[in-house]
Amino acid sequence: MKKVAVYTSGGDAPGMNACIRAVVRGAIYHGAEIYGIRYGYNGMIKGDMKPLSSYSVSNIIQKGGTILKSARSEEFRTKEGRKKAYESLQENGIEGLICIGGDGSFTGAKVFYEEFGVAIVGAPGTIDNDIYGTDFTIGFDTAVNTAIEAIDKIRDTADSHDRIFFIEVMGRDSGYIAIRCGICGGAEMVLVPETATTVEDVINTLKVGKDRSKTSSIVVVAEGDEIGGAIEVAAMARKAMADADIRVATLGHIQRGGAPSAKDRILASRMGLSAIEGLLNGRKNVMAGVMKDELVYTPFEHAITIKKSLSPDLLRMVKIFNS
Ligand code: ATP
């Protein structure tokens, strides 16, 4: 393979730039020409791509976001859209692709490979850490650290005013971010989609805390929790605890931004290099990942369909610390 391209797709994540840099430098080291496709699948459809030099990825390892921009593409979900994307790649002589994105982006990559035979290797870039085939995804560590910083600050004000805060963190259908934030932020309770918790459980835990003379409490709520987001859970709690001063904080998109942590820069660099080397060595329809500190490749099929489970010992720990 002499000419390949890299793109970022879906939600952006800190460390995507470090991954782009690794892909570009790795490709050039191995003698391949590397293009950057802007705006994910939308850019592929429009032919928005240009060659990248080693210099073009200088000074980006420390930057959040993605220099290639990202997008969610409705057109790529259609066969006609994917046909246009294939034609753009043909026109530019692109023989293989590196996709940096989440499970949706890999689902698109898999469909594209099956329909048009385009060789694609993925690098998991998403703060959600919901992809099988890697212990951690690019951006997860930074997102957790950002959220913890915010939770620490909220704890100060919660304590000063004797308040109960319901803090919503991102993670889509996964509680990975929530459970780690809960542990690191000393939360009284963590609500995650992986375990069924009732509003009564929440009220009981808060009441136990109050009986133990706790004047303030933090409950971390994963955005995908089955009871609802922090706003809904707080509304239910207010009805049952009329005398409590209950507030809500939704951390939102600050979790996606910022300089990637050291851990994310290393992970992104390792997976980017592994992805491009895999592609140039003939791998396709797989994702590069790191499991137990070993570089591994996992078929897209498994990466997107196998559910990564949340460590039960983490959930148990929160309960024990607040019993
Ligand atoms: P994150 O989890 O961080 O949000 P993601 O990669 O899962 O990232 P999605 O919005 O789910 O983000 O997917 C990115 C893009 O992948 C979609 O906008 C769409 O263009 C493409 N895609 C997703 N699913 C499919 C599919 N079934 N067929 C074709 N393309 C798809």
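Numbering (our numbering), first residue to last: 211 to 533.
Virtual Cβ for every residue (Gly too), placed ideally from N, Cα, C.
Residues K213 of the same chain have their beta carbon placed closer than 8 Å to that of G303, with the five preceding and five following residues left out of the count. Checking the 7 Å criterion, the Cβ of V321 is within range of a heavy atom belonging to the ligand ATP. Around the CB of R526, fewer than 16 other CB atoms lie within 10 Å, so the residue is classed as exposed. Listed in chain order, the non-local C-beta contacts of V431 below 6 Å within the same chain comprise F376, E378, L401, A440 and V443, local neighbours out to five positions each way being set aside. If you check the C-beta of T336 against the ligand ATP, you find a heavy atom less than 7 Å away. For G332, there is no enclosing alpha helix (DSSP H); the enclosing beta strand (DSSP E) has its first and last residue at A329 to P334. Here N252 is near E285, since their CB atoms are less than 8 Å apart. The nearest non-hydrogen atom of the ligand ATP is 7 Å or more from the C-beta of R248. If you check the CB distance, G332 and F316 come in under 8 Å.
The DSSP assignment places complete alpha helix (DSSP H) segments of no fewer than 4 residues inside the segment 459-508 at 472-490, in order along the chain. When the five nearest sequence neighbours on each side are left out, the beta carbons in the same chain lying within less than 7 Å of the beta carbon of R282 are those of G220, in order along the chain.
In summary, D362 is exposed, with fewer than 16 beta-carbon neighbours lying within 10 Å of its beta-carbon over all protein chains present. Between the ligand ATP and F510, a heavy atom-to-CB distance of less than 7 Å is absent. For the pair Y342 and D411, the Cα-to-Cα distance works out to about 30 Å.
R448 counts as exposed, since fewer than 16 other beta carbons sit within 10 angstroms of its beta carbon.
Counting only unbroken stretches of 3 or more residues, the beta strand (DSSP E) elements lying wholly within the segment 213-240 are 213-218, in sequence order.
By alpha-carbon distance to I516, the top candidate from T344, D421 and N269 is T344.
Within the chosen limit of 7 Å, the ligand ATP does not reach the beta carbon of S384 with any heavy atom.
The beta carbon of T352 is closer than 7 Å to those of P224, G225, G468, P470, S471 and D474 in its chain, skipping five residues each way along the sequence. Around the Cβ of S427, a 10 Å sphere holds 16 or more other Cβ atoms; the residue is buried. The Cβ atoms of D258 and Y245 do not sit closer than 8 Å to each other. Scanning its chain for C-beta atoms nearer than 8 Å, with the 5 sequence neighbours on each side dropped, one finds around I238 the residues I244, S263 and S264, in chain order. Taking C-beta atoms under 8 Å as the contact rule, S533 and L505 fail to qualify, at a distance of about 40 Å. Here DSSP, grouped into helix, strand and coil, assigns E359 to helix. The Cβ-Cβ distance between V328 and L299 falls below 8 Å. Sorting S479, Y386 and C394 by C-alpha distance to the C-alpha of P403 places Y386 at the top. Between the alpha carbons of E359 and F326 lies a distance of about 45 Å. C391 is bridged by DSSP to nothing; it lacks a bridge partner. Within the same chain, Cβ atoms closer than 6 Å to the Cβ of D383 are found at P403 and G434, the five residues on either side in sequence being excluded. Spatial neighbours of T408 in its own chain (CB-CB distance under 8 Å, excluding positions within 5 residues in sequence) are listed in chain order as I437.
With a beta-carbon spacing of about 5 Å, A454 and I374 fall inside the 8 Å limit used to define contacts. When DSSP states are grouped into helix, strand and coil, R282 belongs to the coil group.
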